[in-house]
Amino acid sequence: MSAATILAEAYGESANLYTDVLNVSSDATPSQLRKAYYKLCLKYHPDKLSPNLTNDQKELAKKKFQAISLAYTILSDEEKRKEYDETGDLYDDDEDLSSRKEGMKQWTDYFDAVFPKVTTADIDAFEVKYKCSDEEEKDVLKYYAQFKGDLNKMVECVMLSSDADKERWVKDYINPAIENGDVEDYKDMIKKTVGSVPSKNKTTTKGSGKKKVDEAELDDSEEEDDDVPMAQVVNDEEESSKETSTSKKKASKAAPKKKTKTTKKKGSSEDDLIAQIRGNALARNRQDGFDSLMAGLEERYGGGKKKKGKKASGGDIDDAEFERIQADMMKKKKSRK
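Sequential numbering of the sequence shown, starting at 0, is according to numbering that gives the first Met the number 0.
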């Protein structure tokens, strides 16, 4: 596409590169041309266009962007500018400018100007200049009216702002504007959001939810335990003891029988006697523990009345007697060896 065609589609056939395209005078300096060029590029660059524009408006902006680049390419070159000033003819080269070194350099300079390198020092310097300025006040009041006093949303939109700026905004900008009648009064929303921080994660974590469920289940289980009748508790204890004894019998039956030598029959019978005595003592201890449990349950659910437990059978012996018999048996066993 020729230079004349690009310019005609964007600004008309009789458009002037100085006044119609770059909006400068014909005697503009190179610095003024460059400044006007950068300003217009930022305005018509495809990435800077408003999303609310129609397709036709976007297409026209694209053509103007191309015409602006073309005008600056011609006027920034001393020879081409002189030719244009004398004849009014556009420099038209069929060769693509981007394929030439000069054209490549021109585009590189352009993009460096549109997207300059930004350092931390540049941001800090701009922040100092922006804070407490008329531009910040304008932005604060703009978003104050837009969000109806919601300071949390304002912090997300005002440049270089944080929650620490809320009180300063209210004192320096918002309250005076309300008193002057420049903006509406949203003091209720201001009070609600001036000291609050918007929560980024409103969902409950799985761990905390699980913890709450476990606590609820624990409370329910405790309540259910309180409602269990005494008879059911006793039956459960008896069934548990029966299952234990049954499993022990099955295990003893399933265990393989080992053949022993005849010379050790006497020793094994003594061991069996000791085991039987010890088993009686253990059984007595279990009986005492069960009687104690029953007494506690009767005291809790039976209105505080205790029933006397069964007395131990006459065949039981106390621990001291058991230890004495066991010691005698061990002495006899050692003497036989």
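Backbone N, C-alpha and C define an ideal beta-carbon position, used for all residues, glycine too.
Keep in mind that this is a model prediction, so the values were computed, not measured.
Limits of the alpha helix (DSSP H) - the one that residue i falls within
{"i": "Met-188", "result": "186-192"}
{"i": "Asp-76", "result": "Note, Asp-76: premise wrong, no alpha helix (DSSP H); not H, not E."}
{"i": "Tyr-172", "result": "Note, Tyr-172: premise wrong, no alpha helix (DSSP H); not H, not E."}
{"i": "Thr-119", "result": "119-129"}
{"i": "Pro-29", "result": "29-43"}
{"i": "Ser-7", "result": "Reading the sequence as shown, one finds Ala at residue 7 and not Ser. That run of the alpha helix (DSSP H) goes 2-10."}
Secondary structure of residue i, DSSP reduced to three states
{"i": "Phe-114", "result": "coil"}
{"i": "Met-293", "result": "helix"}
{"i": "Met-153", "result": "helix"}
{"i": "Val-20", "result": "helix"}
{"i": "Ser-195", "result": "coil"}
{"i": "Met-329", "result": "helix"}
{"i": "Glu-322", "result": "helix"}
{"i": "Gly-148", "result": "coil"}
{"i": "Ala-139", "result": "Position check: residue 139 holds Val in this sequence, whereas Ala was assumed. Of the three classes helix, strand and coil, the one that applies to Val-139 here is helix, per DSSP."}
{"i": "Glu-166", "result": "helix"}
{"i": "Gly-288", "result": "helix"}
{"i": "Asp-181", "result": "coil"}
{"i": "Asp-317", "result": "coil"}
{"i": "Thr-107", "result": "helix"}
{"i": "Asn-54", "result": "helix"}
{"i": "Leu-69", "result": "helix"}
{"i": "Leu-89", "result": "coil"}
{"i": "Leu-59", "result": "helix"}
{"i": "Asp-226", "result": "Note that Asp-226 scores a pLDDT of 46, beneath 50, so its modelled location is shaky and nothing firm can be said."}
{"i": "Ser-25", "result": "coil"}
{"i": "Ser-161", "result": "coil"}
{"i": "Ser-334", "result": "helix"}
{"i": "Gly-206", "result": "Residue placement at Gly-206 cannot be trusted, given a pLDDT of 47 that sits under 50; what the coordinates show is reported in the next sentence. Three-state DSSP puts Gly-206 in a helix."}
Contacting residues, own chain, Cβ-Cβ under 6 Å from residue i (five flanking each side not counted)
{"i": "Ala-60", "result": "Tyr-43, Leu-48"}
{"i": "Tyr-17", "result": "Val-23, Ser-25"}
{"i": "Tyr-37", "result": "Ala-112"}
Contact set for residue i: own chain, Cβ-Cβ below 7 Å, skip 5 residues either direction
{"i": "Asp-184", "result": "Ile-177"}
{"i": "Leu-32", "result": "Leu-21, Val-23, Tyr-71, Leu-74, Ser-75"}
{"i": "Ala-66", "result": "Ile-5, Leu-6, Ala-9, Tyr-10, Val-20"}
{"i": "Ala-35", "result": "Leu-21, Asn-22, Val-23"}
Same chain only: Cβ atoms within 8 Å of residue i, ignoring 5 sequence neighbours per side
{"i": "Val-139", "result": "Met-153, Val-157, Trp-168, Tyr-172, Ile-173"}
{"i": "Asp-88", "result": "Glu-82"}
{"i": "Glu-166", "result": "Val-193"}
{"i": "Val-338", "result": "Residue 338 cannot be examined here, being either before or after the span of the chain that is shown, 0 to 336."}
{"i": "Glu-126", "result": "Leu-159"}
{"i": "Leu-41", "result": "Lys-47, Val-113"}
Requested in this report: Pair every Cβ in the stretch 182-196 with every Cβ in the stretch 135-150, then say whether three or more of these pairs are closer than 8 Å.
Outcome: Flag = yes, the stretch 182-196 and the stretch 135-150 touch.
Requested in this report: Report yes or no: do three or more beta-carbon pairs, one from the stretch 75-87 and one from the stretch 113-121, lie closer than 8 Å?
Outcome: Too few Cβ pairs lie closer than 8 Å, so no.
Query raised in the report: Below 8 Å, can you find three or more Cβ-Cβ pairs linking the stretch 158-169 to the stretch 120-138?
Result: Flag = yes, the stretch 158-169 and the stretch 120-138 touch.
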